[in-house]
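In the order they appear, the protein sequences are chains A and B. Per this note's numbering, numbering through the first sequence is continuous, rising by one, with the last residue being 109. Per this note's numbering, numbering through the second sequence is continuous, rising by one, with the last residue being 117. Input: a single structure, listed below in structure tokens.
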Amino acid sequence: DAKTTQPPSMDCAEGRAANLPCNHSTISGNEYVYWYRQIHSQGPQYIIHGLKNNETNEMASLIITEDRKSSTLILPHATLRDTAVYYCIVRGNDYKLSFGAGTTVTVRA
Amino acid sequence: EAQVTQNPRYLITVTGKKLTVTCSQNMNHEYMSWYRQDPGLGLRQIYYSMNVEVTDKGDVPEGYKVSRKEKRNFPLILESPSPNQTSLYFCASSLPPGPDRAKNIQYFGAGTRLSVL
């Protein structure tokens, strides 16, 4: 699976959009980009995934660049409950999820 | 409600005393997996199971055993726990792979915090 690079931390003001970048320059054509988050030692929670098109669901939006070497997770209106560690994962044909260090997002009132 | 249930949530034990952490899912998922999470090391896979009676080692299997006699249950067994197995453990499950890998969303339990003294 391709390796991902994320900033270690970022702050966001409550009510504002949070834009979380992820680099995955070695991604191959059949690998998906997944985002999970973990709120304070709870079990990781699936957020969204995509292959090459932008995706949106009730939690977030995922923007994938045309060359697929990077992506951005957007939390449109961050709340205090969105404070968590966010993991960007590139996944191939197997089940395995390789969690890196992620980005610690702190939403401030 | 679709969920992965782990028990116990917290456990304190002593070195060498066998223990089992249970994991059960109600989504009829074929795939199940155990992870441990340690500060600075992230989540690491211990064992996984592709289906009933099919299990395989993950990245850190030493000191652990698993079994998969039923589809819904995937217990993690520590035959002789040691202090270096003090950790936060997560069980996860998902559907099997298919033409649409987008279905391979893993659902995680709430975690079991284990302390081995």
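Ideal Cβ placement from N, Cα and C applies to all residues, glycine included.
**Message:** For S70(A), report the span of its beta strand (DSSP E) as first-last.
**Reply:** Per DSSP, S70(A) belongs to the beta strand (DSSP E) from 70 to 75.
**Asked** How close, in whole Å, do the beta carbons of V119(B) and K71(B) come, if the pair is a contact with beta carbons under 8 Å?
**Response** What is shown of chain B runs 1 to 117, which leaves residue 119(B) out entirely.
**Message:** Cβ closer than 7 Å: which chain B residues qualify as neighbours of A101(A)?
**Reply:** Under the 7 Å cutoff, chain B gives G42.
**Prompt:** Using Cβ-Cβ distances below 9 Å, what residues of the stretch 30 to 54 of chain B are close to chain A?
**Reply:** The stretch 30 to 54 of chain B vs chain A, Cβ under 9 Å: Y31, S33, Y35, Q37, G40, G42, L43, R44, Q45, Y48, M50.
**Request:** Within 10 angstroms of the Cβ of P39(B), are there 16 or more other Cβ atoms? Answer buried if so, exposed if not.
**Result:** For P39(B), the number of other beta carbons within 10 angstroms of its own is below 16, and it is reported as exposed.
**Message:** Any beta carbon from chain B within less than 8 Å of K52(A)'s own beta carbon?
**Reply:** No, its Cβ sits nowhere closer than 8 Å to a Cβ of chain B.
**Message:** With a threshold of 6 Å on Cβ separation, who are the neighbours of Q37(B) within its own chain once the five nearest residues in sequence on each side are excluded?
**Reply:** A distance below 6 Å between beta-carbons, with the five flanking residues on each side excluded, links Q37(B) to the following residues of its chain, in chain order: L43, L88.
**Request:** Give a yes or no on whether the minimum CB-CB distance between G111(B) and chain A is below 8 Å.
**Result:** It does: the Cβ of G111(B) has a partner Cβ on chain A nearer than 8 Å.
**Cα-Cα separation between L11(B) and D67(A), rounded to whole angstroms** = In a straight line, the C-alpha of L11(B) is about 47 Å away from that of D67(A).
**Message:** Here's a check: name, in chain order, each residue in its chain whose Cβ is nearer than 6 Å to the Cβ of A92(B), leaving out the five neighbours to either side.
**Reply:** Counting only Cβ-Cβ distances below 6 Å, and skipping sequence neighbours, we find S33, Q106, F108.
**Asked** Are C88(A) and T4(A) closer than 8 Å when you measure CB to CB?
**Response** Taking 8 Å as the Cβ cut-off, C88(A) and T4(A) qualify as a contacting pair.
**Message:** Using only the alpha-carbon positions, how far apart do T65(A) and K18(B) sit?
**Reply:** Computed Cα separation, rounded: 50 Å.
**Message:** For the beta strand (DSSP E) containing F90(B), name the first residue and the last one.
**Reply:** Annotation: the continuous beta strand (DSSP E) that includes F90(B) extends over 87 to 94.
**D82(A) in three-state terms, based on DSSP** = Helix.
**Item:** Under 9 Å by beta carbon: chain A residues contacting Q25(B)
**Value:** Going along chain A, no residue has its Cβ under 9 Å from Q25(B), so there is no contact; the nearest lies around 12 Å.
**Request:** Counting only the same chain and skipping the five closest in sequence on each side, list residues whose C-beta sits under 8 Å from that of P75(B).
**Result:** Here the set comprises T20, V21, T22, C23, V66, S67.
**Asked** In whole angstroms, what is the alpha-carbon distance linking S80(B) and G63(B)?
**Response** For S80(B) and G63(B), the distance between alpha carbons rounds to 7 Å.
**Asked** Do Y32(A) and L62(A) have their C-beta atoms closer together than 8 Å?
**Response** For the pair Y32(A) and L62(A), the CB atoms are not nearer than the 8 Å cut-off.
**Message:** Output needed for I77(B): all residues of its chain with C-beta closer than 6 Å, excluding positions within five of it in sequence on either side, in chain order.
**Reply:** Correct list, in chain order: T20, K65.
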